[in-house]
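**Q** Sharing a structure, written as structure tokens. Questions coming.
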Amino acid sequence: MKGQGFIRRFGYARNGIVTAFRRERSMRTHGAAVVAVAIFLALTGASTLWWALVGLAVGLVLVAEMANTAIEALADLLHPGQHPEIGVAKDVAAGAVLIATLVAIVVGLAYCVELLR
Numbered sequence: 078m079k080g081q082g083f084i085r086r087f088g089y090a091r092n093g094i095v096t097a098f099r100r101e102r103s104m105r106t107h108g109a110a111v112v113a114v115a116i117f118l119a120l121t122g123a124s125t126l127w128w129a130l131v132g133l134a135v136g137l138v139l140v141a142e143m144a145n146t147a148i149e150a151l152a153d154l155l156h157p158g159q160h161p162e163i164g165v166a167k168d169v170a171a172g173a174v175l176i177a178t179l180v181a182i183v184v185g186l187a188y189c190v191e192l193l194r
């Protein structure tokens with residue numbers, strides 16, 4: 078599998094994104110939130126800097142959610158039963174999503190404060 082061309086690697090990545098959206102309700106929820114945030118930024122005339130900051134924040138959430146999904150899928154495949162260390166791995170990955178989401182909320186709140194000035 079190593080050394081494959083860019084187009085083929087791009088296809089694998091695209092399939093991963095599509096699979097994450099199909100399999101994970103939370104990924105679809107985050108995706109809907111991204112659309113809502115983009116509409117809000119457009120309607121309020123956000124500057125390029127705010128688009129970049131919010132884009133980085135929501136991108137972080139999506140990346141964390143996809144990493145969480147990958148960890149959960151691999152852990153469930155390798156150890157379908159209950160195991161304390163598998164639980165730790167899943168909880169830590171879910172915690173990463175929570176932290177990323179909180180960061181995105183803080184960035185969004187900072188933008189809202191800027192709007193009120």
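Each residue of the sequence shown is one higher than the last, beginning at 78 in our numbering.
Glycine is no exception: its CB is placed at the ideal position from the N, C-alpha and C atoms.
Model, not experiment: these values are computed from the prediction.
What is the DSSP secondary structure of G93, reduced to helix, strand or coil?
**A** Along the sequence shown, one-based indexing puts residue 93 at 16. G93 falls in the helix class under three-state DSSP.
**Q** Output the distance between the C-alpha atoms of C189 and I116, rounded to the nearest integer angstrom.
**A** Within the sequence shown, the letter at position 112 stands for residue 189. Within the sequence shown, the letter at position 39 stands for residue 116. Roughly 14 Å separates the two Cα atoms.
**Q** Could you please give the first and the last residue of the uninterrupted alpha helix (DSSP H) stretch that includes P161?
**A** For the purposes of this step, residue 161 is taken as the residue at position 84 of the sequence shown. Element bounds for P161: P161 to L193.
**Q** Are the beta-carbon atoms belonging to A177 and A141 less than 8 Å from one another?
**A** Counting from one through the sequence shown, the residue named residue 177 turns up at place 100. Counting from one through the sequence shown, the residue named residue 141 turns up at place 64. Yes, Cβ-Cβ distance for A177 and A141 is below 8 Å.
**Q** Let me make sure I understand the geometry here. Which of A109, L126, V169 and Y89 has the alpha-carbon closest to that of A152?
**A** Here residue 152 corresponds to residue number 75 of the sequence shown, with the count starting at 1. For the residues A109, L126, V169 and Y89, the minimum Cα distance to A152 belongs to V169.
**Q** Apart from the five residues on each side of it in sequence, which residues of its chain come closer than 8 Å, Cβ to Cβ, to L120?
**A** Mapped onto the sequence shown, residue 120 falls at position 43. No residues qualify anywhere along the chain.
**Q** Cβ of P161 versus every heavy atom of the ligand MG: is any distance shorter than 7 Å?
**A** Annotation note on the ligand MG: not contained in the displayed structure, which lists no ligands.
**Q** Starting from the C-beta of V111, find all residues in its chain whose C-beta is less than 6 Å away, skip the five residues before and the five after it, and write them out in chain order.
**A** The residue given as residue 111 occupies position 34 in the sequence shown. Taken in chain order, the residues that qualify are V135.
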